[in-house]
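In UniProt numbering, the protein residues as written are 1 to 162.
From the three backbone atoms N, C-alpha and C, an ideal C-beta is built for every residue, glycine too.
For clarity, every value in this text was computed on a predicted model and none was experimentally measured.
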């Protein structure tokens, strides 16, 4: 197999998209079930801490690198039939369903949580905010997780069509 720059970028796209899908899937099957079992103030404090900690270079690499590498790979596969179509589908799915849902849904919820002074909240205020936040956030997360897994599957299939 000739390992060219084009092959390297496709491999990078698949790897980064797989890491993104894995992160969101693992969150769905571990963090969400675990946080359902903790009291409201602890939940809000935990989510504030996680939301702040995830803003790091390793996360940015997979989250922003996936659509960039997918887009470049899609462009490079133009005219190659199935590989192009699969990568285009992966790119659009990731951009709309993973990146878009995160940017327009999860991030605004995280920003609203971040500005809360948890020490000042009453038990009822914490419970009310949690109910509002958790239901919407988890629903959006399930959507972005499904889209990231689909984007990974499509990009992986493209490897077999190159």
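query                                                                                                              : result
Distance, residue 45 Cα to residue 77 Cα                                                                           : 45 Å
Whether residue 87 touches residue 66 by CB criterion (8 Å)                                                        : no
CB contact below 8 Å: residue 57 versus chain D                                                                    : Looking for chain D here will not work: only one protein chain is present.
Coil, strand or helix - residue 1 by DSSP                                                                          : Reliability fails at residue 1, whose pLDDT of 48 lies under 50, so the model's placement of it is uncertain and no value is given.
Classification of residue 128 by the beta-carbon crowding that lies within 10 angstroms, buried from 16 upward     : exposed
Supposed contact pair residue 137 and residue 106 - C-beta distance, whole angstroms, cut 8 Å                      : 6 Å
Sub-8 Å separation of residue 24 and residue 148 beta-carbons                                                      : yes
Where the alpha helix (DSSP H) containing residue 39 begins and where it ends                                      : Looking at the DSSP string, residue 39 is not in any alpha helix (DSSP H), and its letter there is neither H nor E.
Within 8 Å, strictly: CB atoms of residue 150 and residue 93                                                       : yes
Distance between residue 96 and residue 39 (C-alpha atoms, nearest Å)                                              : 33 Å
Own chain partners of residue 3 with C-beta closer than 7 Å, once the 5 adjacent residues on each side are dropped : none
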